[in-house]
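*Asks:* Take 7 as the starting number for the sequence shown in the numbering used here and just add one per residue.
Below you'll find the structure I mean.
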Amino acid sequence: MPDTPKRDLKEYVDVGHSELENHLRTQNAQFQSALEEVEAGRKLTDFLWLNVFGFAYHYLKSRFGPRHPYQYYPTSDDTGVYRMKVENETTQIALLSDWASDTPESDRVGAVVAFHKPDYSIHLGDIYFVGAPSEVHDNFISPKASWPRGKWGSLALAGNHEMYSNGAAFYKMLLPTMGVHEANAASDGSKPSDASVIREQKAGFFCLENDYWRVIGLDTGYTSVERPFVEILSPPDCHLRKEQVKWLKNQLHLDNPDDRRGIIFLSHHPPFSDFRKSFPRPARQIRQLFGDFLRPVLWIWGHEHRLVGYRERKVGGLPIHGRCIGHGGMPVEIDAPRVDSDSILFYDQRRRKSIRRIGVGYNGFAWLKFEQENLSIEYRDVEDKVVTGESWRINLQSGLIDKID
């Protein structure tokens, strides 16, 4: 098993999520119970500060002021669309979300991913508490940081927590360290050469593609903030800004009936959920871009700290196979859905430990392996066990993705 930096479990702090009610809901029970697990002599005020007031402090310190100017593709020399590197007919991508908590659990998940040596690694958003410069540094940039960089590149999406500091550190510090090795065009224009250039990530969205699949990262984070305090109790709709919609239309041509590659959307926020508030507007915007050439898509997101897979569901007319992988680094929620539903395909409710009557689940990540028309996905946990897996195949004649197991 891979080694991880040694930390005390008391560093694993439940800072809740973007909704204020989550902080308030868990405060009393987890506060008292967690005290029993930290070493003797730890001051009550220290733990109280981190667990109850930590988010509020960082939010008040960082939230006010203008948002960082929106960055988008295309730039003068970059479209944000990149060719996947392929070795031995495969490309392997690690997806992590809500991972950047700088905890023993996130360190461990990062070490497990690094052990498997991904070609690409992608963070689907939320750097805790508020995506501040020190938090970006500690999770991604420091020599001691445990972010598992891919052999051919790493990319990042913004969640709402990055925008609680107005996105400054995300755009100024994180994105310049992210990017991909892009194949140079051959001199005769026929095929890419083996040489590559490093393309620095310049926007909070992107596309990785090959002859069979497209992995499209969507920016739902920038529009996840609006009015301070109100945005926590009543989050905005996380719509895709017009610049991103224009990029999807003009660079990806989703309505092109001659392009029948399989499509995987990545975002921080969920287009639907059986557990919490969802954000369907981006799916409705994308549905319009497909025009008459509509087909089902895979959509993988974070935001909720759990691992859940859903059966196909339509949002705004767009058929979606939805997967939530928000269990990267925060305490994993294993509570029951808020409504009775038969739409859940799988849900990891294993209890890793209990804090009195509150169960905490297993952190983990998703591992995608592309082999021509075939795609396999393994959902691995912090102990490197495969929780569940699934296989898909794209039919390039029809543009349909079929689940084959």
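Just so you know, even glycine gets a beta-carbon here, dropped at the ideal spot from N, CA and C.
#1: Here's the rule I'm using: 16 or more other beta-carbon atoms within 10 Å means buried, otherwise exposed. How should Asp348 be labelled?
#2: Within the continuous alpha helix (DSSP H) that includes Ser171, where are the two ends?
#3: What residue range does the alpha helix (DSSP H) around His122 cover?
#4: Quick one: what does DSSP say Phe212 is sitting in, helix, strand or coil?
#5: Can you say whether Val403 is buried or exposed, counting buried as having 16 or more other CB atoms within 10 angstroms of its CB?
#6: If contacts are defined as beta-carbon pairs under 8 angstroms, then Tyr170 and Arg69 qualify, I think. What distance do you get, rounded to the angstrom?
#7: Excluding the 5 residues preceding and the 5 following Ser273 in the sequence, name in chain order all residues of the same chain whose CB lies nearer than 6 angstroms to its CB.
#8: Under 9 angstroms between the Cβ atoms of Asn401 and Asp408?
#9: Mind checking who Gln98 pairs with in its DSSP beta bridge?
#10: To the nearest angstrom, how far is the alpha carbon of Pro72 from that of Ile147?
#11: For Pro276, count the other beta carbons within 10 Å of its own beta carbon; 16 or more makes it buried, fewer makes it exposed. Which is it?
#12: Just to confirm the assignment: which complete beta strand (DSSP E) runs, minimum length 3, are found wholly within the segment 323-348?
#13: Using a Cβ-Cβ cut-off of 6 angstroms (strictly less than) and excluding sequence neighbours within five positions of Gly156, which residues of its own chain qualify?
#14: With a threshold of 8 angstroms, are at least 3 pairs of Cβ atoms found where one atom belongs to the segment 205-225 and the other to the segment 170-188?
#15: Expressed to the nearest angstrom, what Euclidean distance is found between the alpha-carbon atoms of Val142 and Thr109?
#16: Where do the N-terminal and C-terminal ends of the alpha helix (DSSP H) with Arg301 fall, by residue?
#17: Taking Cβ to Cβ, would you say Val92 is nearer than 9 angstroms to Trp373?
#18: Quick one: what does DSSP say Ser127 is sitting in, helix, strand or coil?
#19: Can you say whether Leu313 is buried or exposed, counting buried as having 16 or more other CB atoms within 10 angstroms of its CB?
#20: Report the three-state DSSP secondary structure of Ala175 (helix, strand or coil).
#21: Just list the residues that DSSP pairs Glu384 with in beta bridges.
#22: Only counting the same chain, and skipping five residues up and downstream in sequence, which positions put a Cβ closer than 6 angstroms to that of Tyr353?
#23: Please name the residue, chosen from Ile292, His311, Phe299, Asp298, that lies closest to Trp305 on a Cα-to-Cα basis.
#24: In terms of DSSP beta bridges, what is Lys359 paired with?
#25: In the DSSP output, what is His187 paired with across the bridge?
#26: Please state whether DSSP places Ile410 in a helix, a strand or coil.
#27: Where in the segment 244-283 do unbroken runs of the alpha helix (DSSP H), each at least 4 residues long, occur, reported from the N-terminal end onward?
#28: Start and end of the alpha helix (DSSP H) containing Ile292?
#29: Beta-carbon within less than 6 angstroms of Asp264's beta-carbon, same chain only, minus the 5 sequence neighbours each way: which residues are those?
#30: For Gly159, write down the residues that DSSP places opposite it in a beta bridge.
#31: So if DSSP puts Lys320 in a beta bridge, which residue, or which two residues, is it bridged to?
#32: Exposed or buried, what is Arg344 when buried is set at 16 or more other beta-carbons lying within 10 Å of its beta-carbon?
#33: Considering Leu239, what are the terminal residues of the alpha helix (DSSP H) in which it resides?
#34: Which of helix, strand or coil does DSSP assign to Ala106?
#35: By alpha-carbon positions, which one of Ser397, Pro337, Lys359, Val393 ends up nearest to Trp105?
#36: Going by DSSP in three states, Tyr218 sits in which element: helix, strand or coil?
*Replies:* From the atom records:
#1: A residue is called buried when at least 16 other Cβ atoms come within 10 angstroms of its Cβ; Asp348 does not meet this threshold and is exposed.
#2: Looking at the DSSP string, Ser171 is not in any alpha helix (DSSP H), and its letter there is neither H nor E.
#3: Start and end: 110-122.
#4: Phe212 sits in a strand when the DSSP states are folded into three classes.
#5: This sequence places Gln at residue 403; Val is not what is there. The residue in question, Gln403, is exposed, as its Cβ has fewer than 16 Cβ neighbours within 10 Å.
#6: With a contact defined as Cβ atoms closer than 8 angstroms, Tyr170 and Arg69 qualify at about 5 angstroms.
#7: When the five nearest sequence neighbours on each side are left out, the beta carbons in the same chain lying within less than 6 angstroms of the beta carbon of Ser273 are those of Leu224, Thr226, Trp307, in order along the chain.
#8: Closer than 9 angstroms, so yes.
#9: When DSSP reads this structure, Gln98 sits in a beta bridge with Lys375.
#10: Straight-line spacing of the CA atoms in Pro72 and Ile147 works out to 25 angstroms.
#11: Pro276 should be labelled buried.
#12: 324-331, all fully within the segment 323-348.
#13: Hits under 6 angstroms: Pro124, Asp125, Tyr126, Ser127.
#14: Output reads yes: the segment 170-188 touches the segment 205-225.
#15: CA-CA distance, Val142 to Thr109, rounds to 13 angstroms.
#16: Note, Arg301: premise wrong, no alpha helix (DSSP H); not H, not E.
#17: No, they are not a contact pair.
#18: Per DSSP, reduced to three states, the secondary structure at Ser127 is strand.
#19: Label assigned to Leu313: buried.
#20: In the three-state reduction of the DSSP assignment, Ala175 falls in the helix class, which pools H, G and I.
#21: DSSP output for Glu384 lists Trp373, Gly395 as bridge partner(s).
#22: Once the five neighbours on either side are set aside, the close Cβ partners of Tyr353 are Val314.
#23: Ile292 is the residue among Ile292, His311, Phe299, Asp298 whose C-alpha sits nearest the C-alpha of Trp305.
#24: Looking at the DSSP assignment, Lys359 forms a beta bridge with Val366.
#25: In DSSP, His187 forms a bridge with Ile204.
#26: Three-state result, Ile410: coil.
#27: Taking only runs of at least 4 residues, the alpha helix (DSSP H) segments lying wholly in the segment 244-283 are 248-253.
#28: For Ile292, the enclosing alpha helix (DSSP H) has its first and last residue at 287-296.
#29: A distance below 6 angstroms between beta-carbons, with the five flanking residues on each side excluded, links Asp264 to no residue of its chain.
#30: Bridge partners of Gly159: Tyr126, Val186.
#31: In the DSSP output, where bridge partners are listed per residue, Lys320 has Pro325.
#32: Looking at its Cβ environment, which holds fewer than 16 other Cβ atoms inside 10 Å, Arg344 is exposed.
#33: Segment 236-239, the alpha helix (DSSP H) holding Leu239.
#34: In this structure, Ala106 counts as strand in the three-state DSSP scheme.
#35: Here the closest residue by C-alpha is Pro337.
#36: Tyr218: coil per DSSP, three-state reduction.
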